[in-house]
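Down below is the structure, laid out as structure tokens.
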Amino acid sequence: MVTSSHSRPGTPSPAGSTPPPSEPDGPRNTTKRSAAAAHWSIQQRTAIWIRKHGVAPYLLLLPATAIIGALIVWPAVQVGLFSFQNYGLMQISGVLPAQWVGFANYSQILHDPEFWQSLKTSVYFALVVVPLTMIIGTLVGLLLVRLGSKMRTFVSVSALLAWATPAVSASVIFVWLVDPDGGVVDWALAKLPSWLGGGAQWAGFSWTNATLPAYTVLTVMLVWTGFPFIAVTVLAALRTLPSELLEAARVDGAGPWRTFWKVTFPILRPVFLVLALLSTIWDFGMFTQAYIVTGDLGNRDEYNLGLYEYSQAFTQPPHYGLASAAAFVLTIILLIVTVGYVRAAIKQGSLA
Amino acid sequence: MTSVRVSGRAVANRAGSGRGGRRLFARASRKAALNLAGVLVALFALFPVLWMISTAFKPANEIYSLTPQPIPLHPTLANFRSVFSGSVIGMSYWNFLKNSLFITVVSVAVSSLVGLLAAIALGRFKFRFRTTYLIMLLIVQLLPQQALVVSLFIDFRKVNLLDTLVGLIAVYIAFALPVTIWMLRNFAATVPKELEEAAAIDGAGAWTRFWHILLPMVSPGLVATSVFAFIFAYNEFVFALTFLGTDTAKFTLPLYVQYFYGQNSTDWGAIMASSTLFTIPVLVFFLITQRRLASGLVAGAVKG
Chain A
14 MVTSSHSRPG
24 TPSPAGSTPP
34 PSEPDGPRNT
44 TKRSAAAAHW
54 SIQQRTAIWI
64 RKHGVAPYLL
74 LLPATAIIGA
84 LIVWPAVQVG
94 LFSFQNYGLM
104 QISGVLPAQW
114 VGFANYSQIL
124 HDPEFWQSLK
134 TSVYFALVVV
144 PLTMIIGTLV
154 GLLLVRLGSK
164 MRTFVSVSAL
174 LAWATPAVSA
184 SVIFVWLVDP
194 DGGVVDWALA
204 KLPSWLGGGA
214 QWAGFSWTNA
224 TLPAYTVLTV
234 MLVWTGFPFI
244 AVTVLAALRT
254 LPSELLEAAR
264 VDGAGPWRTF
274 WKVTFPILRP
284 VFLVLALLST
294 IWDFGMFTQA
304 YIVTGDLGNR
314 DEYNLGLYEY
324 SQAFTQPPHY
334 GLASAAAFVL
344 TIILLIVTVG
354 YVRAAIKQGS
364 LA
Chain B
61 MTSVRVSGRA
71 VANRAGSGRG
81 GRRLFARASR
91 KAALNLAGVL
101 VALFALFPVL
111 WMISTAFKPA
121 NEIYSLTPQP
131 IPLHPTLANF
141 RSVFSGSVIG
151 MSYWNFLKNS
161 LFITVVSVAV
171 SSLVGLLAAI
181 ALGRFKFRFR
191 TTYLIMLLIV
201 QLLPQQALVV
211 SLFIDFRKVN
221 LLDTLVGLIA
231 VYIAFALPVT
241 IWMLRNFAAT
251 VPKELEEAAA
261 IDGAGAWTRF
271 WHILLPMVSP
281 GLVATSVFAF
291 IFAYNEFVFA
301 LTFLGTDTAK
311 FTLPLYVQYF
321 YGQNSTDWGA
331 IMASSTLFTI
341 PVLVFFLITQ
351 RRLASGLVAG
361 AVKG
């Protein structure tokens, strides 16, 4: 009560509610203050000016805004500009000026079968990996909540180590696991009984030289990287569920399957939406892992959209304009996905 | 694990046909099954990393053996020796560790400081463009990094920042900032205004209030955001690949591991040794900080 009545007279801004700079000294220091007033340094005057005009928040935001503006916002704008220019080797070396070419870059990309191939690869990959990661992550989350506390910590920390493993390490490790000479996966598959799909044909099988096997490896890798984050988030969300609800469902004779779909899932839907969105953005935009596993831009038919875009700019000769147009398309797709998820979230009232 | 199984069996023997005994047995076996599933999940998660470490300590004849062993029979340090001697790039692992540490430490320090200032503005002040700014921060996070790399490459080429660690640091700061600000904002907002006012009445200046009130209360968040910025900068590959190009002396660790793999893609022992030396520090760092990371994350997320 006291504090609220105390703060009421002030304006909502703390800059306004802080007393004028001379006041904190209080009446005791009147003489000292008036003596000092004549000799206020430039620093003190600046401080007073800042408070009087409420510019403090803007000053505090200035460095961050400058950095984000120069290194994220401006480059994003510039990508948009480049996508309408014939920016290439001549332009970057300053021999020729860049020319505006309208939608020529876009039309060239949209008529490029490699673009459609790479887009298809990205879409199929996301369509497989996102649900797979979500299902496995959720199952592990449901498992974690049922474990004793020591076992839970052990399993979740182990899983998070997979999540924390750098993408470059993960890629190199998985390439080694599936190496045709000495890789443990081919060895294990060859040892597997034939009714499980194993057999001698797996010995020396090369995983990285064709699109489907390479993306199978990438699928396992991204599920391995992605499931811990989902499991731990689902676990945290599950622990906020009121236990009476689950108890009530059990008393009413609902099995675990029904309980999950009728009680747990509807309540946790906002969490699942966010996780699905994040997974889609990560998996659709995958670059590092695909770059290493498919062999450094060497295999054009194994490109996904990220590799396609990057190769336009960074294989000889460079086509920065085309790369920018591809980057723009990639960004637009991700924005559409995001807007879709946000709309779904708003529809279900989970953003309210 | 064993104790569970033993008690389950004991219960089954003792209970015989008793109904309560059967239920106890069912519960014990359920628990054993859950624990078994947990162990399998942990194995799936740990296996690739464990295999990497194991390979790094194996002599060549064990690496290419017809029956791979999970644990090296004759562990050797030869693979690590070839990584440290710099037999491939002509420079030792230490050089690249130094580059990576320099880049991560500077970018984490700057992004934490700059991010904290912005978070104070957004969390503790009401001003005209506050909501706009927050929405902008969210949108900025959606821009895919490989979409910006072309544009930044051309800009950096103009101002001679290619092949420099400074250019890379600048990019890492910029990409760590939106997340840092977004998370710290919640922490800055939760510091009670009355506390600060009371301190002001007691004669504490802005600096004292920042140092003794605000900073201790945002420090859990600061730890979490620093860990994030650290892991991001330490692991980052696309910008390093694009900006450092051919200047091998300036390579960061991820680029070094990838290059090392590209240069001798048959010497898996040495590749796994380089990858181990790159991966283990970040995993240890993560293990040390994960408890505080979790609390910082939860607090930052829940108090939205």
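Same order as they appear, the protein sequences are chains A and B.
Read in order, the letters of the first sequence are residues 14 to 365 in my numbering.
Read in order, the letters of the second sequence are residues 61 to 364 in my numbering.
Think of the CB as a built atom: it goes at the ideal place given N, C-alpha and C, for glycine as much as any other residue.
Practice problem: Closer than 8 Å by beta-carbon distance: list the chain B residues that pair up with Arg159/A, in chain order. | Solution: Your numbering for residue 159/A matches position 146 in the first sequence. Near Arg159/A (Cβ distances below 8 Å), the residues of chain B are Leu94.
Self-check item: Element boundaries [alpha helix (DSSP H), containing Val287/A]
Solution: Indexing the first sequence from 1 puts residue 287/A at position 274. According to the DSSP assignment, Val287/A belongs to the alpha helix (DSSP H) that extends over 278-297.
Quiz prompt | Cβ-based neighbour list, Thr146/A, same chain, cut-off 8 Å, excluding 5 preceding and 5 following | solution = For the purposes of this step, residue 146/A is taken as the residue at position 133 of the first sequence. Cβ within range, chain order: Leu235, Val236, Gly239, Phe240, Ile243, Ser292, Asp296.
Quiz item: What are the residues of the stretch 55-67 of chain A that lie near chain B, defined by any Cβ-Cβ distance shorter than 9 Å?
Solution: Here the close residues are Ala60, Gly67.
Quiz item: Rounded to whole angstroms, how far is the Cβ of Ala172/A from the Cβ of Val251/B, which I believe are closer than 8 Å?
Solution: Here residue 172/A refers to the residue found at position 159 when the first sequence is read from its first residue. Here residue 251/B refers to the residue found at position 191 when the second sequence is read from its first residue. Going by Cβ atoms, the distance from Ala172/A to Val251/B rounds to 34 Å, so no, they are not a contact pair.
Quiz item: Taking C-beta to C-beta, are Ile105/A and Tyr323/A nearer than 8 Å?
Solution: Looking up residue 105/A in the first sequence gives position 92. Looking up residue 323/A in the first sequence gives position 310. Not closer than 8 Å, so no.
Quiz prompt | Under 9 Å from the C-beta of Trp200/A: neighbouring residues of chain B | solution = The residue you call residue 200/A lines up with position 187 of the first sequence. Ordered by position in chain B, the residues that pass the 9 Å Cβ test against Trp200/A are Leu126, Thr127, Pro128.
Practice problem: Tell me, please, whether the CB atom of Ile273/B is closer than 8 Å to any CB atom in chain A? | Solution: Residue mapping note: residue 273/B aligns to position 213 of the second sequence, counting from 1. No, no contact with chain A.
Practice problem: Return the CA-CA distance between Val142/A and Leu318/A, expressed in angstroms with no decimal places. | Solution: Here the question's residue 142/A lines up with position 129 in the first sequence. Here the question's residue 318/A lines up with position 305 in the first sequence. Linking Val142/A to Leu318/A through their CA atoms gives a straight-line distance of about 16 Å.
Practice problem: Just mark Tyr321/A as buried or exposed, buried being the case when its beta carbon has 16 or more other beta carbons within 10 Å. | Solution: Here residue 321/A corresponds to residue number 308 of the first sequence, with the count starting at 1. Residue environment for Tyr321/A: buried (at least 16 other C-beta atoms within 10 angstroms of its C-beta).
Quiz item: Say the cut is 7 Å; is the CB of Arg159/A nearer than that to a heavy atom of the ligand FMN?
Solution: Summarising the ligand content, the structure contains no ligands, and the ligand FMN is consequently not present.
Self-check item: Short CB-CB distance (under 8 Å) between Thr351/A and chain B
Solution: Reading the first sequence from its first residue, position 338 is the one you call residue 351/A. For Thr351/A, at least one C-beta of chain B is nearer than 8 Å to its own C-beta.
Quiz item: Of all the options Leu155/A, Ile61/A, Ile81/A, Gly150/A, which has the alpha carbon lying nearest to the alpha carbon of Val170/B?
Solution: Translated into positions along the second sequence, residue 170/B becomes position 110. In terms of CA proximity to Val170/B, Ile81/A leads the group Leu155/A, Ile61/A, Ile81/A, Gly150/A.
Quiz item: When you compare only the Cα positions, how much space is there between Ala289/A and Gly353/A?
Solution: Position 276 of the first sequence, counted from the first residue, corresponds to residue 289/A. Position 340 of the first sequence, counted from the first residue, corresponds to residue 353/A. Approximately 11 Å, taken between the alpha carbons.
Quiz item: Assuming Ser167/B contacts Ala293/B under a Cβ cut-off of 8 Å, what Cβ separation, rounded to an integer in Å, is found between them?
Solution: Counted from its first residue, the second sequence places residue 167/B at position 107. Counted from its first residue, the second sequence places residue 293/B at position 233. Taking C-beta atoms under 8 Å as the contact rule, Ser167/B and Ala293/B qualify, at a distance of about 5 Å.
Quiz item: Given a limit of 8 Å on CB to CB distance, which residues of the stretch 280-295 of chain B reach chain A?
Solution: Near chain A, meaning a CB-to-CB distance below 8 Å, the residues of the stretch 280-295 of chain B are Ile291, Tyr294, Asn295.
Quiz item: Which partner residues of Gln98/A appear in the DSSP bridge assignment?
Solution: As a first step, residue 98/A must be located in the first sequence, where it is residue number 85. DSSP, once it has assigned bridges, lists Trp113/A as partnering Gln98/A.
Quiz item: Does Gln98/A come within less than 8 Å of chain B when only Cβ atoms are used?
Solution: Looking up residue 98/A in the first sequence gives position 85. It does not; no Cβ of chain B falls within 8 Å.
Quiz item: Any Cβ of chain D within less than 8 Å of the Cβ of Trp270/A?
Solution: This model lacks chain D altogether; the protein chains it does include are A and B.
Practice problem: Apply the 10 Å Cβ neighbour rule to Trp328/B and answer buried if 16 or more other Cβ atoms are within range, or exposed otherwise. | Solution: In the second sequence, counting from the first residue as 1, residue 328/B sits at position 268. Burial is judged here by how many other beta carbons sit within 10 angstroms of a residue's own beta carbon; Trp328/B has at least 16 and is buried.
Practice problem: Quick one: list the residues of chain B neighbouring Asp296/A, beta-carbon separation under 9 Å, in chain order. | Solution: Numbered from 1 along the first sequence, position 283 holds the residue referred to as residue 296/A. Under the 9 Å cutoff, chain B gives no residues; its nearest Cβ is about 12 Å from Asp296/A.
Practice problem: Compute the distance between the beta-carbons of Leu202/B and Leu286/A, then report whether it is under 8 Å. | Solution: As a first step, residue 202/B is located in the second sequence; it is residue number 142 there, counting from the start. As a first step, residue 286/A is located in the first sequence; it is residue number 273 there, counting from the start. Not a contact, by the Cβ cut-off of 8 Å.
Quiz item: Any Cβ of chain B within less than 8 Å of the Cβ of Ala326/A?
Solution: Along the first sequence, one-based indexing puts residue 326/A at 313. It does: the Cβ of Ala326/A has a partner Cβ on chain B nearer than 8 Å.
Practice problem: Tell me, please, whether the CB atom of Tyr333/A is closer than 8 Å to any CB atom in chain B? | Solution: Locating residue 333/A in the first sequence gives position 320, counting from the first residue. Taking Cβ atoms only, chain B reaches closer than 8 Å to Tyr333/A, which makes this a yes.
Quiz item: At a Cβ cut of 8 Å, what residues of the stretch 120-131 of chain A count as close to chain B, listed as they run along the chain?
Solution: Among the residues of the stretch 120-131 of chain A, none has a Cβ less than 8 Å away from any Cβ of chain B.
Quiz item: Hey, is Arg217/B's beta-carbon within less than 8 Å of any beta-carbon in chain A?
Solution: Start at 1 with the first residue of the second sequence, and residue 217/B comes out as number 157. Output row for Arg217/B: interface = yes.
Quiz item: Which term fits Ile348/B, buried or exposed, when burial requires 16 or more other beta carbons within 10 angstroms of its beta carbon?
Solution: If you number the second sequence from 1, residue 348/B lands on position 288. In the assembly as shown, Ile348/B is an exposed residue. Its beta-carbon has fewer than 16 other beta-carbons within 10 Å.
Quiz item: With respect to the alpha helix (DSSP H) encompassing Asn159/B, which residues constitute its N-terminal and C-terminal limits?
Solution: Walking along the second sequence from the start, residue 159/B turns up at place 99. Counting along the chain, the alpha helix (DSSP H) containing Asn159/B begins and ends at 153-184.
Quiz item: Identify the residues that DSSP records as bridge partners of His124/A: which are they?
Solution: Here residue 124/A is taken as the residue at index 111 of the first sequence, counted from 1. The partner list for His124/A (beta bridge, DSSP) is empty, contrary to what the question assumes.
Quiz item: Can you find a C-beta in chain B that's less than 8 Å from the C-beta of Ser219/A?
Solution: As a position in the first sequence, residue 219/A is number 206, starting the count at 1. Not one chain B Cβ lies under 8 Å of Ser219/A.
Quiz prompt | Identity of the residues DSSP links to His332/A by a beta bridge | solution = For the purposes of this step, residue 332/A is taken as the residue at position 319 of the first sequence. DSSP, once it has assigned bridges, lists Gly101/A as partnering His332/A.
Quiz prompt | Under the three-state DSSP convention, the category Ile229/B falls into | solution = The residue you call residue 229/B lines up with position 169 of the second sequence. Three-state result, Ile229/B: helix.
Quiz item: Cβ of Thr339/B less than 8 Å from any chain A Cβ?
Solution: Numbered from its first residue, the second sequence carries residue 339/B at position 279. Thr339/B counts as touching chain A.
Quiz item: Any chance the stretch 295-311 of chain B sits against the stretch 220-230 of chain B, with 3 or more Cβ pairs inside 8 Å?
Solution: Yes, they touch.
Quiz item: What separation, rounded to the nearest whole angstrom, lies between the Cα atoms of Leu343/B and Tyr119/A?
Solution: The residue given as residue 343/B occupies position 283 in the second sequence. The residue given as residue 119/A occupies position 106 in the first sequence. Approximately 43 Å between the Cα atoms of the pair.
Self-check item: Listed by chain order, chain B residues near Gly319/A by CB distance under 8 Å
Solution: Translated into positions along the first sequence, residue 319/A becomes position 306. Result: Pro204, Gln206.
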